[in-house]
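Read through the structure below, which is laid out as structure tokens, and then see the notes.
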Amino acid sequence: MHTAKYMHQILDLALPAYDELFDEIELEGLVENKGILYIWNDKDLKSRELEINVRDELGVKQQIVNKHEIHDLEPNIKPIYHAGVYYPYARHARNPKKILLKLFELFLKKGGKFKKLNIQEVKFDNEKPVLKTEVDEYKFDKIVITCGAFSKKLTDNLDEKIPLDTERGYHVHFKDCDHLLSRPVIFSNRGFGITPMEQGLRVVGTVEFGGLKNPLSKSRIKNLINNAKYMLGDLPEHEDEWLGFRPTLPDFLPIMGPSKNYKNVFYCFGHHHLGWTLGPISGKIVSGMIAKENTNLNLDPYSSARFN
Ligand SMILES: Cc1cc2nc3c(=O)[nH]c(=O)nc-3n(C[C@H](O)[C@H](O)[C@H](O)COP(=O)(O)OP(=O)(O)OC[C@H]3O[C@@H](n4cnc5c(N)ncnc54)[C@H](O)[C@@H]3O)c2cc1C
961 MHTAKYMHQI LDLALPAYDE LFDEIELEGL VENKGILYIW NDKDLKSREL EINVRDELGV
1021 KQQIVNKHEI HDLEPNIKPI YHAGVYYPYA RHARNPKKIL LKLFELFLKK GGKFKKLNIQ
1081 EVKFDNEKPV LKTEVDEYKF DKIVITCGAF SKKLTDNLDE KIPLDTERGY HVHFKDCDHL
1141 LSRPVIFSNR GFGITPMEQG LRVVGTVEFG GLKNPLSKSR IKNLINNAKY MLGDLPEHED
1201 EWLGFRPTLP DFLPIMGPSK NYKNVFYCFG HHHLGWTLGP ISGKIVSGMI AKENTNLNLD
1261 PYSSARFN
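Residue numbers 961 to 1268, in the working numbering, belong to the letters of the sequence shown in order.
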């Protein structure tokens, strides 16, 4: 309940935070407002009840849908399901990279500066953080570490024992098939989902504890393909096998806030399955912390100090 409550606190603000950014870029059909559908095919799946009750308790808008309603929403899914939940206000991105590039251009236009460097170590000069690369050093008043699953190397270096790990996940695309679905559909029993995107249908899922260095697992790719065919029937040859690293902490809450040991170092990572969704609100929260703004949010649950 603790995790659900404090994920809900930030998820509830995720769309308004995106809207503030979207006011400043041309979206050109890159975001759809058609909700998200979760389906399952096991009548006695007790965990669904628990999820639904927790969401009710938190005031999350959800509609339980029966077989007919699922068919009306997504007629191309084979009738493998028993029931589902529909979240009508949810949105999905048709091409996250294109949106990100537009935000990046906006950042530069507003005077932001970008350098692509591999930071080896954080050192200090009179309490000011100094970022060290293989060739150079850069001194700042304050820094924010936002290296996703790779942040642990830097936090270890700052003498903070943060138990960050990665939940590896995969996706593939089925090109020119996005007309088969109108919205993301998650098949809860098997832990995968399919989203209609510019690249085609994106089939995504699995959770693998395998660290940052091991290669992509072909059997997991195969599993995604088989699941997609189970749900939609015949599909063409897949493309773009991808492995990504979700940054995850044991209590499934991100870390946002100052470092325990160094007041000019801030953290913002550990957003596990929801980093894309939570990017804008997390940025707002951390910039507010740095600017010492007042907030009505309870930010203690995101502190790195919870692991000490
Ligand atoms: C299969 C899959 C599906 C997902 N689907 C969704 C979804 O539908 N919705 C959603 O909200 N989230 C989703 N996620 C989760 C989302 O991708 C992550 O939560 C998000 O990428 C985390 O963002 P981040 O910026 O913290 O880390 P990252 O995206 O990993 O970015 C970290 C950045 O830091 C850089 N970096 C690392 N180390 C260093 C260093 N030493 N020096 C300099 N730079 C460094 C990296 O190059 C990288 O650019 C999915 C993840 C996976 C794997």
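Don't be surprised by glycine CBs; every beta carbon is placed ideally from N, CA and C.
- Separation of residue 1165 and residue 1153 (C-alpha to C-alpha, rounded to the nearest whole angstrom) is 6 angstroms.
- When the alpha-carbon of residue 1047 is set against those of 1077, 1163 and 1012, the nearest one is in 1012.
- Residue 1098 and residue 1223 have their alpha carbons spaced roughly 18 angstroms apart.
- Secondary structure of residue 1027 (DSSP, three-state): helix.
- The three-state secondary structure of residue 1017, taken from DSSP, is helix.
- For residue 1110, the Cβ falls inside the 6 angstroms cut-off from some heavy atom of ligand 1.
- Of the heavy atoms belonging to ligand 1, at least one sits nearer than 6 angstroms to the Cβ of residue 1237.
- Here the C-alpha atom of residue 1229 lies approximately 14 angstroms from the C-alpha atom of residue 1265.
- Restricting attention to beta strand (DSSP E) runs no shorter than 3 residues, the region 1083-1107 encloses them at 1088-1092, 1097-1099 and 1103-1105, ordered along the chain.
- By DSSP's assignment, residue 998 forms a beta bridge with 1045 and 1146.
- Around the C-beta of residue 1236, fewer than 16 other C-beta atoms lie within 10 Å, and the residue is accordingly described as exposed.
- For residue 1192, the secondary structure class from DSSP, reduced to helix, strand or coil, is helix.
- In the DSSP annotation of this structure, the continuous segment of the beta strand (DSSP E) that includes residue 1218 starts and ends at 1215-1218.
- Using a Cβ distance threshold of 7 angstroms, residue 1118 and residue 1219 count as a contacting pair.
- The bridge partners DSSP lists for residue 1267 come to none.
- Apart from sequence neighbours up to five positions away, the residues of its chain that approach residue 1051 with a beta-carbon distance below 6 angstroms are 991 and 993, ordered along the chain.
- Looking at the DSSP output, residue 1156 bridges to 1161.
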